[in-house]
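**Student:** Residue numbers (my numbering): 609 to 1010. Just so it is clear, CB atoms sit at the ideal spot from N, CA and C, and this is done for glycine as well. Values in this document were obtained by computation on a predicted structure and should not be read as measured data. Structure below; questions to follow.
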């Protein structure tokens, strides 16, 4: 995120001595993107950030995927993945269940009741949507408060952990996790050539909330789980580091974790139905993230407010339904916590009757997070376990031919 922030103690000039109170040196670390040619931040550590005392394999949760074959639209019921009270012993990192994925992006779901281990994703940025509950996200840059409706953006390589907190309403911490193989940023068309969010963007820098102050934690021989690339794809390593990684006394720059709440997204509307790009909030290599929020809808006197039928010839559409009532899907079985996967090669649109019922509607109360991908999405272990096998036939009212 090209928006400068400064937190804690930093020297007047970069790459110069920064002394501790007893005369020693803090250790400067540059955390940057694209080989010193893009956004970066400088962090000042009490300990040496490269130091490790042990490294062993970390066995990741199941990350295998299977093709969407035969090619059909699919409905996945995510709330069924963590039944009963099972979630209370689950953490937000090791408890993730892979729902969908391809070479560019992976989508997981988790309901968590325990604090996670310290964790670092060395493959790409993470964009985590908080469906319900609340958490403190402790990071090497400082702590973030995460509440329902927040996107939590965590840059590649930033050590962090998730600590659920009681939100006061008894709701568990439900997280929809979008993991990239790249960086995740605001769409380029929202930005000036210097990186400022433009006047026509649906949000601005005031809506982005980074860590307010450094987070300093003492500790020795601390475990950190690292997800990284391997010869056969995604793998993991369990480091032991001699001092706690949360030892940064100050940092500044344009790369850091932050939150953005979906309620601060200002929807773009028109006289007739607007295409999905007006709902875009973030982008990564090979995919975009959009959100559909409560809003007034099309105001042409002959408008049809629900989406027209459309063929995504270049992309798969993944919609996560996380609030309100999504009129276009009524009658399909989709509800809170559902995912619909509408693949490229399949023409999709509203359920039977929704087209007609929408005429005259002036506003909608819906909340959904959409990921459009430009490579086919495959089903992960969690997606296969959560599938509603009848969804593909809901437009015709008939099952497969016998």
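Starting from residue 705, trace the beta strand (DSSP E) in both directions and tell me its first and last residue.
**Tutor:** 705–709
**Student:** From 725, 1001, 980, 1003, pick the residue whose C-alpha is nearest to that of residue 710; which is it?
**Tutor:** Taking residue 710 as reference, the option from 725, 1001, 980, 1003 with the minimal CA-CA separation is 980.
**Student:** Tell me the residue span of the beta strand (DSSP E) that contains residue 974.
**Tutor:** Note, residue 974: beta strand (DSSP E), 974–981.
**Student:** Which residues does DSSP pair with residue 895 in a beta bridge?
**Tutor:** 892, 981
**Student:** In three-state terms, what does DSSP make of residue 939?
**Tutor:** coil
**Student:** Counting only runs of 3+ residues fully inside the segment 764–809, write out the beta strand (DSSP E) ranges in chain order.
**Tutor:** 768–773, 781–788
**Student:** Could you spell out the range, first to last residue, of the beta strand (DSSP E) harbouring residue 932?
**Tutor:** Run containing residue 932: 924–932, per the beta strand (DSSP E) assignment.
**Student:** How far does the alpha helix (DSSP H) with residue 991 in it reach, from first residue to last?
**Tutor:** Where residue 991 is concerned, the enclosing alpha helix (DSSP H) stretches over 989–993.
**Student:** Nearest to residue 885 by CA position, among 892, 894, 898, 784, is which residue?
**Tutor:** Among 892, 894, 898, 784, the Cα nearest to that of residue 885 belongs to 898.
**Student:** For residue 756, which option in 845, 798, 895, 779 has the closest C-alpha, if you only look at C-alpha atoms?
**Tutor:** 779
**Student:** In this structure, does DSSP put residue 696 in helix, strand or coil?
**Tutor:** helix
**Student:** Would you report the Cα separation of residue 917 and residue 1000, rounded to the nearest angstrom?
**Tutor:** 15 angstroms
**Student:** Can you tell me where the alpha helix (DSSP H) with residue 964 in it begins and where it stops?
**Tutor:** 962–965
**Student:** Ordered along the chain, which non-local residues of its own chain (more than five positions away) have a Cβ less than 6 angstroms from that of residue 687?
**Tutor:** 945
**Student:** With three or more beta-carbon pairs closer than 8 angstroms as the criterion, would you say the segment 676–686 touches the segment 938–957?
**Tutor:** yes
**Student:** Identify the residues that DSSP records as bridge partners of residue 685: which are they?
**Tutor:** 946
**Student:** Taking the Cβ atom as the reference point for each residue, do residue 762 and residue 865 lie within a distance shorter than 7 angstroms?
**Tutor:** yes
**Student:** Should the segment 802–815 be regarded as contacting the segment 860–878, the criterion being three or more beta carbon pairs within less than 8 angstroms?
**Tutor:** yes
**Student:** For residue 781 versus residue 743, is the C-beta distance shorter than 7 angstroms?
**Tutor:** yes
**Student:** Taking residue 712 and residue 789 to be in contact with their CB atoms under 8 angstroms, please state how far apart those CB atoms are, rounded to whole angstroms.
**Tutor:** 5 angstroms
**Student:** Residue 754 and residue 728 look like a contact to me (Cβ under 8 angstroms); what is the Cβ gap, rounded to whole Å?
**Tutor:** Not quite, the Cβ-Cβ distance comes to about 18 angstroms (not below 8 angstroms), so this is no contact.
**Student:** Is the separation between the beta-carbon of residue 902 and that of residue 973 shorter than 7 angstroms?
**Tutor:** yes
**Student:** What distance in whole Å lies between the Cβ atoms of residue 863 and residue 641, which are believed to be in contact at a cut-off of 8 angstroms?
**Tutor:** Right, the Cβ-Cβ distance comes to about 6 angstroms (below 8 angstroms), so this counts as a contact.
**Student:** Go through its chain and collect everything with a Cβ distance to residue 858's Cβ below 7 angstroms, but skip five positions before and after it.
**Tutor:** 615, 616, 617, 618, 652, 822
**Student:** Determine the extent of the beta strand (DSSP E) in which residue 868 is found, giving its start and end residues.
**Tutor:** 866–869
**Student:** According to DSSP, is residue 1089 part of a helix, a strand, or is it coil?
**Tutor:** No answer is possible for residue 1089: it lies beyond the span of the chain, which begins at 609 and ends at 1010.
**Student:** Would a C-beta distance cut-off of 7 angstroms place residue 894 and residue 983 closer than the cut-off?
**Tutor:** yes
**Student:** Name the two residues that bound the continuous beta strand (DSSP E) containing residue 639.
**Tutor:** From DSSP, the beta strand (DSSP E) with residue 639 extends over 635–640.
**Student:** In the DSSP assignment, find the unbroken beta strand (DSSP E) run with residue 653 in it and report its ends.
**Tutor:** Counted as a single uninterrupted DSSP element, the beta strand (DSSP E) harbouring residue 653 occupies residues 648–653.
**Student:** If you pair each beta-carbon of the segment 655–662 with each one of the segment 837–853, do three or more pairs fall below 8 angstroms?
**Tutor:** yes
**Student:** According to DSSP, simplified to helix, strand and coil, what is residue 754?
**Tutor:** Here DSSP, grouped into helix, strand and coil, assigns residue 754 to strand.
**Student:** Measure how close the beta-carbons of residue 985 and residue 708 come, nearest whole angstrom, since I'm counting them as under 8 angstroms.
**Tutor:** 5 angstroms
**Student:** How is the beta strand (DSSP E) around residue 836 delimited, first residue to last?
**Tutor:** 828–838
**Student:** Would you kindly work out how many angstroms separate the C-alpha atoms of residue 915 and residue 900, rounded to a whole number?
**Tutor:** Rounded to whole angstroms, residue 915 to residue 900 spans 12 angstroms at the Cα level.
**Student:** Going by beta carbon distance, what residues of the same chain come within less than 8 angstroms of residue 702, once the five residues before and after it are set aside?
**Tutor:** 669, 724, 725, 833
**Student:** Thinking C-beta only, is residue 960 closer than 7 angstroms to residue 888?
**Tutor:** Against a cut-off of 7 angstroms, the Cβ pair of residue 960 and residue 888 comes out as no contact.
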